[in-house]
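The sequence shown begins at 1156 in our numbering and counts up one residue at a time. Virtual Cβ for every residue (Gly too), placed ideally from N, Cα, C. Since we're looking at a predicted model, the values are computed, not measured. The structure under discussion appears below in the form of structure tokens.
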Amino acid sequence: MQSIIHKIKKFKFKKVHYFDLVVILIILVILSIFLYNRFTKKSVWIDARILVSDGELWWGGDEPPYWFLDDLKSGMVATNSFGEEVAEVVNAEIFSIGDIYKNAYVDIKLKVSYDKNRQIYLYNFQPIQKGKPIDLTFGSNNVSGLIMSLNSEPEDRFEKKIKVKMQHLEGWLADSYKVGMEMKDSNGRSLARIDSVDLENSRLSKVIFLDDELYYDKGQFKDVILEISLVTFKDIEGYYRFIDGAPIKIGNEIWFHFPEIVYKAKIMEIIE
1156 MQSIIHKIKK FKFKKVHYFD LVVILIILVI LSIFLYNRFT KKSVWIDARI LVSDGELWWG
1216 GDEPPYWFLD DLKSGMVATN SFGEEVAEVV NAEIFSIGDI YKNAYVDIKL KVSYDKNRQI
1276 YLYNFQPIQK GKPIDLTFGS NNVSGLIMSL NSEPEDRFEK KIKVKMQHLE GWLADSYKVG
1336 MEMKDSNGRS LARIDSVDLE NSRLSKVIFL DDELYYDKGQ FKDVILEISL VTFKDIEGYY
1396 RFIDGAPIKI GNEIWFHFPE IVYKAKIMEI IE
């Protein structure tokens, strides 16, 4: 019996090469580092704001909703492979950016570890920094966005009043602009509101190509001048910007997406 055991041990020893031992040692070192980082680094919760567009949010169910971002709600929780909570949606501000597309500013609480040597936060062993992408799964929604801020104070919003102009609109379109029209976010907060509407006969002529001939349309077209109150924020350079990032500057064109109508207008004047 002892002879058999001795032969087995001798056989196994011959089969184990030094290269195998090196590989096993490397695996053990990596595993040790992983376990050390996993159980010794202190986890902390930080506040973060990420920018998400519906083109970057994928639905995992059988019937995806028409508006992907509408499924993003306050209180949704993300967990890791151990079932631990690692993120929670605090607020989701969703707004239209034209056609069928939407963007969202999503405020979250994120569980991270802190690297003292590099003085940065880590999530899934990756640095958490402004401008870097982040992937989170809330239920059946996989959210991919860009980090805009970390542990910042709530963003200040400023109401600005501007005058904008649209030129050479057909009469039926010009007449569709009404005082009181509002653009709102998903929480019902007003982002832009029409305060006054002024219509003028357009001085421009419309050029029409028909059967290789050039015509000037003598139809009655109108210019539309609107006074609009809108919510803005200040960027790092101190410029005011609309919710979609458009700068509030004279001569700049800006989009407004009301439930009844969508338009792009040129800023004529910053009233206040």
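Can you give me the start and stop residues for the alpha helix (DSSP H) that residue i sits inside?
i: Gly-1300; result: Taken as a continuous stretch (DSSP letters only), Gly-1300 belongs to no alpha helix (DSSP H), being part of the beta strand (DSSP E) at 1296-1305.
i: Val-1291; result: In the sequence on display, residue 1291 carries Leu and not Val. It is not in any alpha helix (DSSP H) - Leu-1291 instead sits in the beta strand (DSSP E) that spans 1288-1293.
i: Leu-1265; result: No alpha helix (DSSP H) holds Leu-1265; the beta strand (DSSP E) holding it covers 1256-1270.
i: Gly-1326; result: 1326-1329
How is residue i classed by DSSP in three states: helix, strand or coil?
i: Ser-1187; result: helix
i: Ile-1178; result: Ile is not the amino acid found at residue 1178; the sequence shown has Val there. Here Val-1178 sits in helix by DSSP.
i: Ala-1401; result: coil
Please name the residue in the options whose C-alpha comes closest to that of residue i.
i: Val-1352; options: Glu-1382, Glu-1325, Trp-1327 and Phe-1280; result: Glu-1382
i: Ala-1247; options: Ser-1236, Val-1298 and Ile-1422; result: Val-1298
i: Gln-1322; options: Asp-1340, Ile-1422, Tyr-1394 and His-1412; result: Ile-1422
i: Ala-1242; options: Gly-1294, Pro-1282 and Ile-1405; result: Gly-1294
i: Gly-1238; options: Ala-1401, Ile-1252 and Thr-1292; result: Thr-1292
i: Glu-1415; options: Ser-1268, Ser-1331 and Asn-1296; result: Ser-1331
i: Ser-1357; options: Ser-1187, Glu-1325, Gly-1343 and Leu-1346; result: Glu-1325
i: Glu-1429; options: Val-1267, Ala-1420, Leu-1180 and Gly-1406; result: Since the first and last residues shown for the chain are 1156 and 1427, residue 1429 lies out of range.
i: Asn-1235; options: Phe-1280, Trp-1327 and Val-1184; result: Phe-1280
Taking C-beta to C-beta, are residue i and residue j nearer than 8 Å?
i: Tyr-1260; j: Leu-1206; result: yes
i: Lys-1377; j: Glu-1408; result: no
i: Lys-1316; j: Ile-1426; result: yes
i: Lys-1287; j: Leu-1305; result: no
i: Arg-1204; j: Asp-1262; result: yes
i: Ile-1201; j: Leu-1265; result: yes
i: Ile-1380; j: Lys-1419; result: no
i: Asn-1258; j: Ser-1208; result: yes
Report all residues from its chain with a CB closer than 6 Å to the CB of residue i; omit the five preceding and five following residues, and keep chain order.
i: Arg-1348; result: Glu-1337 and Ser-1384
i: Phe-1413; result: Met-1336 and Met-1338
Just curious, the beta strand (DSSP E) that residue i is in, first and last residue?
i: Leu-1227; result: No beta strand (DSSP E) contains Leu-1227, which DSSP labels as neither H nor E.
i: Ser-1384; result: 1376-1389
i: Val-1334; result: Note, Val-1334: premise wrong, no beta strand (DSSP E); not H, not E.
i: Gln-1284; result: Unbroken run through Gln-1284: none, as it is neither H nor E.
i: Ser-1198; result: 1198-1208
i: Glu-1415; result: Here Glu-1415 belongs to no beta strand (DSSP E), and DSSP marks it neither H nor E.
i: Met-1231; result: No beta strand (DSSP E) holds Met-1231; DSSP gives it neither H nor E.
I'd like the list of long-range same chain contacts for residue i, defined as Cβ closer than 7 Å, with 5 residues on each side in sequence excluded.
i: Lys-1404; result: Ile-1422
i: Phe-1174; result: none
So, at 8 Å on beta carbons, what are the nonlocal neighbours of residue i in its own chain, with the 5 sequence-adjacent residues on each side left out?
i: Asp-1430; result: An answer regarding residue 1430 cannot be provided, because it is not within the stretch 1156 to 1427 covered by the chain.
i: Arg-1396; result: Thr-1387, Phe-1388, Lys-1389, Asp-1390, Pro-1402 and Ile-1403
i: Lys-1228; result: Val-1244 and Ala-1247
i: Val-1233; result: The question names Val, but residue 1233 in the sequence shown is Ala. Within the same chain, Ala-1233 has close Cβ partners Glu-1240, Val-1241, Ala-1242, Glu-1243, Leu-1291, Thr-1292 and Phe-1293.
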